[in-house]
Amino acid sequence: MKFQLLPSTFDENGKASQRQHLSCFIIDDFVAIDAGSLGMAANSIQKKQIRDVILTHAHIDHIAGLPLFIDDLFATIKKPLNIHASEKVIEILEKNIFNWEIYPKFSELENDNGIVVKYCPFEIGVEFEVEHLKVKAIGVNHKVPAVGFVISDGNSKLAITGDTAEMDEFWRVVNNENNLNALLIECAFPDNLMELAEISHHLTPQKLKKELKKFKQQGCPVYVKNLKPMYHKEIIKELESLKINNLQILEVNKVYKF
Ligand SMILES: [Zn+2]
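According to this note's numbering, the sequence shown is numbered sequentially starting from 1.
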């Protein structure tokens, strides 16, 4: 399984920066998990191929690129873009983003080929198929309705948290999965912003260490993502000092093969 975190910003030389403001992960150039930078940073092959977006939650850093992605494709799209999300997240998007005020309600519009957007609600704990992938949503602990996923392509399997604080259900489900190839987990704030992390339902390095004690898949590589760009270096330093086995920072724009 090919896996890539799309860049959010570019440095002064036009190179993808490691600072992650937005969340958008691409699997096999076909499926997007979250759409933070989808409309801005997807390459031409990805833009041509991606017709499925799976959302963890509706915070702006996870959906900012979705309206732009749909807008770019609107006139030419032949097959509608499937937006896979919980009923609650779909409701939030329709009420607050695709409401004719912030952006057009694409779900009510058609181009010459038919509808351009199709909502595909999923239920927590019930496996669903997206292209060649089997996906299961698991509730996590964030300020708003949010999920993580277990995703399999038949050969490899990964678990990804989305934004979250401490979890129990996620670990229960993930520990029951066989042969996980990768765990991707957030760590938004450094430890000195513990209070902010608590209020906004995110993890810090110390909290992450505690969470990983609940993870029973020995030897599975752990990739940390969603480091707030303002504290990027600080969080990495703190994580390094904790010397957690198999842990690394997920590199922006790198194509991983899980
Ligand atoms: Zn969030």
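Every residue, glycine too, gets a C-beta built ideally from N, C-alpha and C.
Could you tell me the alpha carbon to alpha carbon distance between V150 and L183, rounded to whole angstroms?
Their backbone Cα atoms lie some 9 Å apart in a straight line.
Identify whether D163 lies in helix, strand or coil by the three-state DSSP scheme.
D163: coil per DSSP, three-state reduction.
Exposed or buried, which one is Q248 when buried takes at least 16 other CB atoms within 10 Å?
Its Cβ having fewer than 16 others within 10 Å, Q248 is exposed.
Compute the distance between the beta-carbons of K134 and W171, then report whether it is under 8 Å.
Not closer than 8 Å, so no.
Does the beta-carbon of D163, which I'm using as the reference point, lie nearer than 7 Å to any heavy atom of ligand 1?
Checking the Cβ of D163 against ligand 1 gives yes.
Relative to the C-alpha of I90, which candidate in E101, K79, T76 and K105 has its C-alpha closest?
It is K105.
Among residues of its own chain, excluding the 5 on either side of V173, which ones have a beta-carbon nearer than 6 Å to its beta-carbon?
Same-chain partners within the cutoff: I138.
Using only the alpha-carbon positions, how far apart do C240 and K228 sit?
The sequence shown places Glu at residue 240, not Cys. E240 and K228: Cα-Cα distance of roughly 16 Å.
Could you tell me whether any non-hydrogen atom of ligand 1 is closer than 7 Å to the CB of H142?
Yes, the Cβ of H142 comes within 7 Å of a heavy atom of ligand 1.
Regarding H59 and ligand 1, is the C-beta to nearest heavy atom distance less than 7 Å?
Yes, the beta carbon of H59 sits closer than 7 Å to at least one heavy atom of ligand 1.
Which ranges does the beta strand (DSSP E) cover as unbroken runs of at least 3 residues, wholly within the region 1-35, from first to last along the chain?
Within the region 1-35, the complete beta strand (DSSP E) runs of at least 3 residues are 2-5, 25-27 and 31-33.
Within the region 213-256, note down every full beta strand (DSSP E) run reaching 3 residues or more, in order along the chain.
Fully enclosed beta strand (DSSP E) runs of 3 or longer: 222-225 and 247-249.
Tell me which same chain residues have a C-beta within less than 6 Å of the C-beta of S275, skipping the five on either side of it?
Since the first and last residues shown for the chain are 1 and 258, residue 275 lies out of range.
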